[in-house]
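Visitor: Per my numbering, residue 1 is the first one in the sequence shown, and the count goes up by one each step.
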Amino acid sequence: MIVMKFGGTSVRDGEAVERLVKIVGRNSPQKTVVVVSALAGVTDSLIKIARHAAKGQAGKAMNLPEEPDERHLDMTDESAVLISGLEKRHLEMAEKLLDGNEELLSETTEIIKQLFTKLKEIVRVISVLEELSDMSMAKILSYGEILSSSIIHRAMLKSGLRCAFADARSLIITDGKYLKGEPQTDIICRKVPELLEREFRNNDVVITQGFISATADGIGTTLGRGGSDYTAALIGMAANASEIQIWTDVDGVHTTDPRKVNKTRSISVMSFSEAAELSFFGAKVLHPATIQPAVERNIPVRVLNSMQPDRQGTLILRDDEVHENGVRAISFKENITVINVFSMKMLNAFGFLTRLFEVFGKYGISVDLISTSEVNVSLTVDSDTSLDGIVGELSQFAVVSVSRDKSQVSVVGKNLKETTGLAKRIFGAVSDYNITMISQGASDINISFVVNKSDLTAVVSALHREFFEG
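1. Lys516 bridges to which residues according to DSSP?
2. Would you call the segment 213-228 and the segment 13-31 touching, i.e. three or more CB-CB distances under 8 Å?
3. Considering Ala168, what are the terminal residues of the beta strand (DSSP E) in which it resides?
4. Nearest-angstrom Cα distance between Leu394 and Lys88?
5. Count the other CB atoms, across all protein chains shown, that sit within 10 Å of the CB of Pro29; report buried if there are 16 or more and exposed otherwise.
6. Can you find the residues in the same chain that come closer than 7 Å, C-beta to C-beta, to Val459, ignoring five residues on each side of it along the sequence?
7. Between His153 and the rest of its own chain, which residues show a CB-CB distance below 7 Å, the 5 nearest in sequence each way excluded?
8. Under 8 Å between the Cβ atoms of Ile244 and His254?
9. Cα separation between Leu463 and Cys189?
10. Kindly list the residues whose CB is nearer than 7 Å to the CB of Pro511, restricted to its own chain and excluding five residues on each side of it in sequence; keep chain order.
11. For Lys139, does the three-state DSSP call read helix, strand or coil?
12. Alpha carbon to alpha carbon, how far is Thr457 from Leu147?
13. Which residues bound the alpha helix (DSSP H) around Glu243?
14. When the distance is taken between beta carbons, is Val375 closer than 8 Å to Ser403?
15. Taking contact to mean at least 3 C-beta pairs separated by less than 8 Å, is the segment 327-344 in contact with the segment 412-423?
16. In terms of residues, what are the limits of the alpha helix (DSSP H) holding Gly14?
17. Identify the continuous alpha helix (DSSP H) that holds Lys113 and give its terminal residues.
18. Would you kindly check if the distance between the Cβ of Gly210 and the Cβ of Glu145 is under 8 Å?
19. To the nearest whole angstrom, what separates the beta carbons of Val24 and Gly236, a pair I think is in contact under 8 Å?
20. Take the Cβ of Leu129 as the centre, count every other Cβ of all protein chains shown within 10 Å, and call the residue buried at 16 or more, exposed below.
21. Determine the burial state of Val125: buried for a count of at least 16 other Cβ atoms within 10 Å of its Cβ, exposed for fewer.
22. Comparing alpha-carbon positions, which option in Lys22, Gly470 and Val412 lies nearest Ser513?
23. Among all the DSSP beta bridges, which residues are the ones paired with Met4?
24. Return the first residue and the last residue of the beta strand (DSSP E) that Gly220 is part of.
25. Taking the alpha carbon of His90 as the point to measure from, which residue in Asn101, Leu115, Gly100 and Phe332 has its own alpha carbon closest?
26. From His72 to Leu82, what distance separates their C-alpha atoms?
27. Would you tell me roughly how many angstroms separate the C-alpha atoms of Thr27 and Gly7, rounded to the nearest one?
28. Check Met93 in the structure and name its three-state DSSP category.
29. Can you tell which of Leu157, Leu195 and Asp134 has the C-alpha that lies nearest to the C-alpha of Leu471?
30. Got a sec, what are the start and stop residues for the alpha helix (DSSP H) Gln292 sits in?
31. Pull up the DSSP beta-bridge partners for Arg302, would you.
32. By a C-beta neighbour count over all protein chains shown, 10 Å radius and 16 as the cutoff for buried, is Asp69 buried or exposed?
33. Asp384: which of Ser371, Ala398 and Val367 sits nearest, CA to CA?
34. Do you know offhand how far Ile102's Cα is from Glu199's?
35. Rounded to a whole number of angstroms, what is the C-alpha to C-alpha distance between Glu182 and Pro293?
36. Please classify Pro29: does DSSP put it in a helix, a strand, or coil?
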């Protein structure tokens, strides 16, 4: 059994879904779980709709001209993405995919209309109360994937695939954090095999949703943005799948982001550790949490291009199965903040770092990079959330300065500590640019440093030329 995950760009329109159905069909008769995201852009639209409602703007959230012109398409958040436009988009997709099968089309059309009726009711309530709780937001966000999976399910049935529909909220159980639930893997590992054993008796495919989930009591939650990769990995782990496939819009994991550099190339094979470092340090192909469930069960992960399904892509294997050393790729985080903490109390003292990180823990902010000296700590965060509160508390026992508009660059590979001359090549290639912080030693998989955001593209391009274009 394999798990196939298709993200937003792989289900963005009718043509993309038709490709998806063909990809799944050619895997038959092997048992397959298909995990799908909402249509491209729909989750962002639902967030905007919820925020309109919270301001008492239900009308703005639910009205769109029948034939929007270019002026409407370019309007700001206040009127660009609205419920009636989303409903029209889903109905048109259903008509395109299910044309010729009146029974499936009628059934799907009715489901879409019912879902949007319920969504409008929720929006009206939020608009009256002018209050948007995390629980309400999670409820609104769930509609995107329920809509997409309902349409794609019937497109598979029309193609002749024996396909069952499963609500991920009955499988992916989390704690009570509504917008970023923590999976309860013991429950998931019980529920997933039970459902698959039942559904695979009469079906070859089971389709479910990506980032939506629920508490043990059935209250809707989500795994956070990008969580559909996570769902695929959790299902793969629970079902002991032979392979997890992540279908996206690029040919696997590249040597760097092709949106920054023109001459990137796909990496054919890489280790779990390398992929985890890349995803954590900014690579857009994989969600950072994806790798861990696969590592636990030693399940290969393959990253493939849904628009070019015959391309090889990238195969991610257990560390001891990958023997090539040296630089594998360059990743980055474009928007980070550097916090510098200075205190003479650090000198020959103990407990200072504990006190420092307790502040970050209190506000739920994770630290990416850290560099220390006797009296100074520099660290990076990729979120400005609660930054004022953190700086205020740190300032009670240290001198704090904040540097914004920075970017983090990470050179990722295997056995980098044992690669002679690597530091000279890295910093020689970027010698024309200011480096404000360097972190190495915590991992043998990456060397990371911080540059000005305005220099990011030039720095990444210079490193890519050094290691991959020679």
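For each residue, glycine too, the CB sits at the ideal point set by N, CA and C. Here the structure is a predicted model, which is why all the values come from computation and not from measurement.
Guide: Judging by the given coordinates:
1. Nothing about residue 516 can be read from this structure; the chain reaches only from 1 to 470.
2. Result no; under three Cβ-Cβ pairs closer than 8 Å.
3. Boundaries cannot be given for Ala168, as no beta strand (DSSP E) includes it and DSSP labels it neither H nor E.
4. If you take the alpha carbons of Leu394 and Lys88, they lie about 51 Å apart.
5. Here Pro29 is exposed. Its C-beta has fewer than 16 other C-beta atoms within 10 Å.
6. Same-chain partners within the cutoff: Val409, Val430, Tyr433 and Val451.
7. If we look at His153 and ignore the five residues flanking it on each side, its Cβ neighbours are Cys163, Phe165 and Ile207.
8. The Cβ atoms of Ile244 and His254 do not sit closer than 8 Å to each other.
9. Computed Cα separation, rounded: 43 Å.
10. An answer regarding residue 511 cannot be provided, because it is not within the stretch 1 to 470 covered by the chain.
11. Lys139: helix per DSSP, three-state reduction.
12. Using only the alpha carbons, I get a separation of about 38 Å.
13. Run containing Glu243: none in the alpha helix (DSSP H); it sits in the beta strand (DSSP E), Glu243 to Thr248.
14. Between Ser403 and Val375, the C-beta gap is not smaller than 8 Å, which leaves the two residues out of contact.
15. Judged by Cβ distances under 8 Å, the segment 327-344 makes contact with the segment 412-423, as three or more pairs qualify.
16. Counting along the chain, Gly14 sits inside the alpha helix (DSSP H) bounded by residues Gly14 to Gly25.
17. Counting along the chain, the alpha helix (DSSP H) containing Lys113 begins and ends at Glu102 to Leu129.
18. With a cutoff of 8 Å on beta-carbon distance, Glu145 and Gly210 are scored as near each other.
19. Cβ atoms of Val24 and Gly236 stay farther apart than 8 Å, at about 16 Å.
20. In summary, Leu129 is exposed, with fewer than 16 beta-carbon neighbours lying within 10 Å of its beta-carbon over all protein chains present.
21. So Val125 counts as exposed.
22. Residue 513 falls outside the range modelled here, since the chain spans only 1 to 470, and no answer is possible.
23. In DSSP, Met4 forms a bridge with Val34 and Gln245.
24. From DSSP, the beta strand (DSSP E) with Gly220 extends over Gly220 to Thr222.
25. In this structure, Leu115 is the residue among Asn101, Leu115, Gly100 and Phe332 with its C-alpha nearest to the C-alpha of His90.
26. At His72, the pLDDT of 37 sits below 50, so the modelled position is not reliable; the number obtained from the coordinates is stated separately. Cα to Cα, His72 sits roughly 11 Å from Leu82.
27. Residue identity differs from the one stated: residue 27 is Asn in this sequence, not Thr. So the alpha carbons of these two residues sit roughly 18 Å apart.
28. Met93 falls in the helix class under three-state DSSP.
29. The requested residue 471 does not occur in the structure, where the chain is confined to residues 1 to 470.
30. Unbroken alpha helix (DSSP H) run through Gln292: Ile291 to Arg297.
31. The partner list for Arg302 (beta bridge, DSSP) reads Gln245 and Leu315.
32. Residue placement at Asp69 is flagged as unreliable, the pLDDT there being 43, under the threshold of 50; a coordinate-derived value is accordingly withheld.
33. Distances from the alpha-carbon of Asp384 to those of Ser371, Ala398 and Val367 put Val367 closest.
34. For clarity, residue 102 is Glu in the given sequence; the question names Ile instead. Glu102 and Glu199: Cα-Cα distance of roughly 26 Å.
35. Distance from the CA of Glu182 to the CA of Pro293, rounded to the nearest whole angstrom, comes to 13 Å.
36. Taken through DSSP and simplified to helix, strand or coil, Pro29 comes out as coil.
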